[in-house]
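Participant: If you scroll down you'll find the structure; I have some questions about it.
Number of protein chains: 2
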Amino acid sequence: MARTVGSNGPKTMEAIRKAGLKLIHEHGYEAMTLRQLAAEVGVQVGSLYNHIDTKQDLLYDLIKTHMEDLFAELAKVESKSADLGPVERLKAFIFFHVTYHILRKREVFIGASELRSLDPNHYEDIVGLRRQYEKRLMAILEDGRAQGVFQITDIAVAAYGILAMLTGVCNWFRPSGRLSREDVAQVYSDMVMRGLVPDAQLSATCTLR
Amino acid sequence: MARTVGSNGPKTMEAIRKAGLKLIHEHGYEAMTLRQLAAEVGVQVGSLYNHIDTKQDLLYDLIKTHMEDLFAELAKVESKSADLGPVERLKAFIFFHVTYHILRKREVFIGASELRSLDPNHYEDIVGLRRQYEKRLMAILEDGRAQGVFQITDIAVAAYGILAMLTGVCNWFRPSGRLSREDVAQVYSDMVMRGLVPDAQLSATCTLR
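One line per chain: the protein sequences are P and A, in this order.
Mapping the first sequence onto this note's numbering, position 55 (from 1) lands on 55, and the numbers just tick up by one.
Numbers given in this note's numbering equal positions in the second sequence, counted from 1, plus 1000.
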């Protein structure tokens, strides 16, 4: 079964990512040893170094890849809803955020709990990406407030609150439960929308389309 | 400086709790060693066993104590607001939950990230307490919906969403920032309230008092 790194490289790296995600989720980054990681992947410890330089590199790669994938998917949603009004763009954002994260519980858990374990430059980088993501939501909220559609006291606090609420689905959602991912997104979208849009305007917006 | 355990016991236990909270928050439960813990407290490893049987006992004690304190404080808030309507009781709950958790970032972090590390019986116990806490909020929401004051599609999903949003303050609040704890509670209370109460009724409720 031995193969050269050349032919097997990307596949092994994918197996290392998967194993790292599992072990860090179960034990925490600091507790996970490279020995455990190698055993989970099914390779010798030494072979890991053909793919990652350090344990820190793996953690950074896992969190960074999650953020990059998130931005790539968000860009698709944004390009589809670019010409719509703030209410529709917010709905699209909420549906995207909920349905995307609900299937990535481990990435979300590690992205929240292991920021502490990132080296300072990695930490700055990831926190910067998170700020950018928050700003994409804030831009929609700002736009809606400027157009007089959203009633928002504090844009930043509202954005943090909405994101925490939506990401919280990871803590309780069960794919086998009574609600689908879309059901959950709909309930949250309704709550957020009613929380930001005065009733009369919400009906007006609805009857306009 | 040596004292007998008899006179020093409660104080040492408090120092162990404080050190445990700090180390688990920084490194994770599994990575924290009893040697680190003893060093942080300033005692010999052997002395720890005068106060805790195992590392697991300490984790359980930390999470359980946090939950018990939370219930004790909630009971005070509930007894003060027991005769009020659902809108006022929900406001009281939101103000309590935000202002209480905002000062307990480490307890909240560990309560979320180290449920994985609890032994099965401890896990069941803590999850049971969390369910009870969620139910206290659900009872207010149910009551408001029954009285026709709250517009809620799904009580459980709404409760999970509200709690995630409120607890999320721990991730971004800085005591030195531009907003006080009460400011934050007010912004979130407004958002939740508008999200649940149709505009006309909210004004009606407000003019009634």
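Cβ atoms here follow ideal geometry from the backbone N, Cα and C, with glycine treated the same way.
All values reported here derive from a predicted model rather than from experimental measurement.
(1) Label residue 1028 (chain A) either buried or exposed according to how many other C-beta atoms from any shown protein chain fall within 10 Å of its C-beta, with 16 as the threshold for buried.
(2) Thinking just about the alpha-carbon of each residue, which of A:1178, A:1174, A:1154 is nearest to the one in residue 190 (chain P)?
(3) Hey, is residue 1138 (chain A)'s beta-carbon within less than 9 Å of any beta-carbon in chain P?
(4) Quick one: grab the DSSP three-state call for residue 136 (chain P).
(5) With 16 other CB atoms within 10 Å as the buried threshold, where does residue 1009 (chain A) fall?
(6) With 9 Å as the limit, tell me which residues of the segment 1136 to 1169 of chain A have their beta carbon closer than that to any beta carbon of chain P; keep them in chain order.
(7) Buried or exposed for residue 1137 (chain A), please, with buried defined as at least 16 other CB atoms from any protein chain shown within 10 angstroms of its CB.
(8) Give the C-beta separation of residue 1197 (chain A) and residue 1149 (chain A) to the nearest angstrom, bearing in mind that I take them to be a contact with Cβ-Cβ under 8 Å.
(9) Using a Cβ-Cβ cut-off of less than 9 Å, list which residues of the segment 107 to 120 of chain P approach chain A; keep chain order.
(10) Buried or exposed: which applies to residue 1186 (chain A), given that a residue is buried once 16 or more other Cβ atoms fall within 10 Å of its Cβ?
(11) Establish whether the CB of residue 1020 (chain A) and some CB of chain P are separated by less than 9 Å.
(12) What are the start and end residues of each continuous beta strand (DSSP E) run of 3 or more residues lying completely inside the segment 1113 to 1185 of chain A, in chain order?
(13) Within its chain, find whatever has a CB closer than 6 Å to the CB of residue 240 (chain P); leave out the 5 residues flanking it on each side and keep chain order.
(14) Mind listing the chain P neighbours of residue 1026 (chain A)? Cutoff is C-beta to C-beta under 7 Å, in chain order.
(15) Quick check: is the beta carbon of residue 1008 (chain A) nearer than 9 Å to any beta carbon in chain P?
(16) Does the beta carbon of residue 46 (chain P) sit closer than 9 Å to a beta carbon anywhere in chain A?
(17) Is the segment 162 to 169 of chain P in contact with the segment 1160 to 1180 of chain A, if contact means three or more CB pairs nearer than 8 Å?
(18) Could you pull the start and end residues of the alpha helix (DSSP H) that residue 17 (chain P) belongs to?
(19) Check whether the Cβ atoms of residue 1063 (chain A) and residue 1037 (chain A) lie closer than 9 Å to each other.
(20) Grab the span of the alpha helix (DSSP H) containing residue 36 (chain P) for me, first residue to last.
(21) May I ask you to list, following chain order, the residues of the segment 47 to 62 of chain P that have a beta carbon less than 8 Å from some beta carbon of chain A?
(22) Of all the options A:1175, A:1022, A:1145, which has the alpha carbon lying nearest to the alpha carbon of residue 985 (chain A)?
(23) If you follow the alpha helix (DSSP H) that residue 51 (chain P) is part of, which residue opens it and which one closes it?
(24) Rounded to a whole number of angstroms, what is the C-alpha to C-alpha distance between residue 74 (chain P) and residue 1014 (chain A)?
(25) Just to make sure I have the definition right: I need the residues of chain A whose C-beta is within less than 9 Å of the C-beta of residue 195 (chain P). Which are they?
(26) For the alpha helix (DSSP H) that contains residue 1090 (chain A), what are its first and last residues?
(27) To be precise: take each residue of the segment 1175 to 1190 of chain A, compare its Cβ to all Cβ atoms of chain P, and keep it if any distance is under 9 Å. Which residues remain?
(28) What do you get for residue 1091 (chain A), buried or exposed, if any count of 16 or more other CB atoms within 10 angstroms of its CB means buried?
(29) Could you give the DSSP three-state label for residue 1205 (chain A): helix, strand or coil?
(30) Suppose you measure from the CA of residue 1023 (chain A) to the CA of residue 80 (chain P); what does that come to, to the nearest Å?
(31) Kindly give me the distance between the Cβ atoms of residue 1070 (chain A) and residue 1100 (chain A), rounded to whole angstroms, as I take these residues to be in contact under 8 Å.
(32) Using beta carbons (cut-off 9 Å, strictly below), is residue 29 (chain P) in contact with chain A?
(33) Rounded to the nearest angstrom, what separates residue 106 (chain P) and residue 1083 (chain A) at their Cα positions?
(34) Which term fits residue 68 (chain P), buried or exposed, when burial requires 16 or more other beta carbons within 10 angstroms of its beta carbon?
(35) Could you check the C-alpha separation between residue 21 (chain P) and residue 174 (chain P) for me, to the nearest Å?
Facilitator: Based on what the coordinates show:
(1) Counting from one through the second sequence, the residue named residue 1028 (chain A) turns up at place 28. Residue 1028 (chain A) comes out buried.
(2) The residue given as residue 190 (chain P) occupies position 190 in the first sequence. The candidate whose alpha carbon is nearest that of residue 190 (chain P) is A:1154.
(3) Position 138 of the second sequence, counted from the first residue, corresponds to residue 1138 (chain A). No, no contact with chain P.
(4) On the first sequence, residue 136 (chain P) is found 136 positions in, with the first residue counted as 1. In this structure, residue 136 (chain P) counts as helix in the three-state DSSP scheme.
(5) Stepping through the second sequence from its first residue, residue 1009 (chain A) is reached at position 9. By the 10 Å Cβ count, residue 1009 (chain A) comes out exposed.
(6) 1151, 1152, 1153, 1154, 1156, 1157, 1158, 1160, 1161, 1162, 1163, 1164, 1165, 1166, 1167, 1168, 1169
(7) For the purposes of this step, residue 1137 (chain A) is taken as the residue at position 137 of the second sequence. Buried, because 16 or more other Cβ atoms sit within 10 Å of the Cβ of residue 1137 (chain A).
(8) Mapped onto the second sequence, residue 1197 (chain A) falls at position 197. Mapped onto the second sequence, residue 1149 (chain A) falls at position 149. Contact holds; Cβ gap of about 6 Å.
(9) 109, 112, 113, 114, 116, 117
(10) Stepping through the second sequence from its first residue, residue 1186 (chain A) is reached at position 186. Buried: at least 16 other Cβ atoms inside 10 Å.
(11) As a first step, residue 1020 (chain A) is located in the second sequence; it is residue number 20 there, counting from the start. Chain P contact via Cβ: absent.
(12) none
(13) Given that chain P is displayed from residue 1 to residue 209, the structure contains no residue 240 (chain P) and the question cannot be resolved.
(14) Within the second sequence, residue 1026 (chain A) is the residue found at index 26, counting from 1. Within chain P, the residues near residue 1026 (chain A) are 116.
(15) Position 8 of the second sequence holds residue 1008 (chain A). For residue 1008 (chain A), the answer is no, since every Cβ of chain P falls outside 9 Å of its Cβ.
(16) Start at 1 with the first residue of the first sequence, and residue 46 (chain P) comes out as number 46. Answer no: the Cβ-Cβ gap between residue 46 (chain P) and chain A never drops below 9 Å.
(17) yes
(18) One-based indexing of the first sequence puts residue 17 (chain P) at position 17. Looking at the DSSP string, the run of the alpha helix (DSSP H) that includes residue 17 (chain P) is 5 to 27.
(19) On the second sequence, position 63 is the one that residue 1063 (chain A) refers to. On the second sequence, position 37 is the one that residue 1037 (chain A) refers to. No, the Cβ-Cβ distance between residue 1063 (chain A) and residue 1037 (chain A) is not below 9 Å.
(20) Here the question's residue 36 (chain P) lines up with position 36 in the first sequence. It spans 34 to 41 - the alpha helix (DSSP H) in which residue 36 (chain P) sits, taken as one unbroken run.
(21) none
(22) Residue 985 (chain A) cannot be examined here, being either before or after the span of chain A that is shown, 1001 to 1209.
(23) Here residue 51 (chain P) refers to the residue found at position 51 when the first sequence is read from its first residue. Where residue 51 (chain P) is concerned, there is no enclosing alpha helix (DSSP H), given that its DSSP letter is neither H nor E.
(24) The count along the first sequence starts at 1 and reaches residue 74 (chain P) at position 74. The count along the second sequence starts at 1 and reaches residue 1014 (chain A) at position 14. The alpha-carbon atoms of residue 74 (chain P) and residue 1014 (chain A) are separated by roughly 47 Å.
(25) Here the question's residue 195 (chain P) lines up with position 195 in the first sequence. Chain A residues near residue 195 (chain P): 1190, 1191, 1192, 1193, 1194, 1195, 1196.
(26) Counting from one through the second sequence, the residue named residue 1090 (chain A) turns up at place 90. Residue 1090 (chain A) -> alpha helix (DSSP H) spans 1086 to 1101.
(27) 1179, 1183, 1184, 1186, 1187, 1188, 1190
(28) On the second sequence, residue 1091 (chain A) is found 91 positions in, with the first residue counted as 1. Buried.
(29) One-based indexing of the second sequence puts residue 1205 (chain A) at position 205. Only weak support is given to the placement of residue 1205 (chain A): the predicted model assigns it a pLDDT of 41, under 50, and the value that follows is read from those uncertain coordinates. Helix at residue 1205 (chain A).
(30) For the purposes of this step, residue 1023 (chain A) is taken as the residue at position 23 of the second sequence. For the purposes of this step, residue 80 (chain P) is taken as the residue at position 80 of the first sequence. Approximately 46 Å, taken between the alpha carbons.
(31) Indexing the second sequence from 1 puts residue 1070 (chain A) at position 70. Indexing the second sequence from 1 puts residue 1100 (chain A) at position 100. With a Cβ gap of about 7 Å, residue 1070 (chain A) and residue 1100 (chain A) count as contacting.
(32) Along the first sequence, read from residue 1 onward, the residue named residue 29 (chain P) stands at position 29. Chain A, which has a Cβ nearer than 9 Å to the Cβ of residue 29 (chain P), makes this yes.
(33) For this step, residue 106 (chain P) is matched to residue 106 along the first sequence. For this step, residue 1083 (chain A) is matched to residue 83 along the second sequence. Their backbone Cα atoms lie some 43 Å apart in a straight line.
(34) Reading the first sequence from its first residue, position 68 is the one you call residue 68 (chain P). It counts as exposed.
(35) Here the question's residue 21 (chain P) lines up with position 21 in the first sequence. Here the question's residue 174 (chain P) lines up with position 174 in the first sequence. Residue 21 (chain P) and residue 174 (chain P): Cα-Cα distance of roughly 19 Å.
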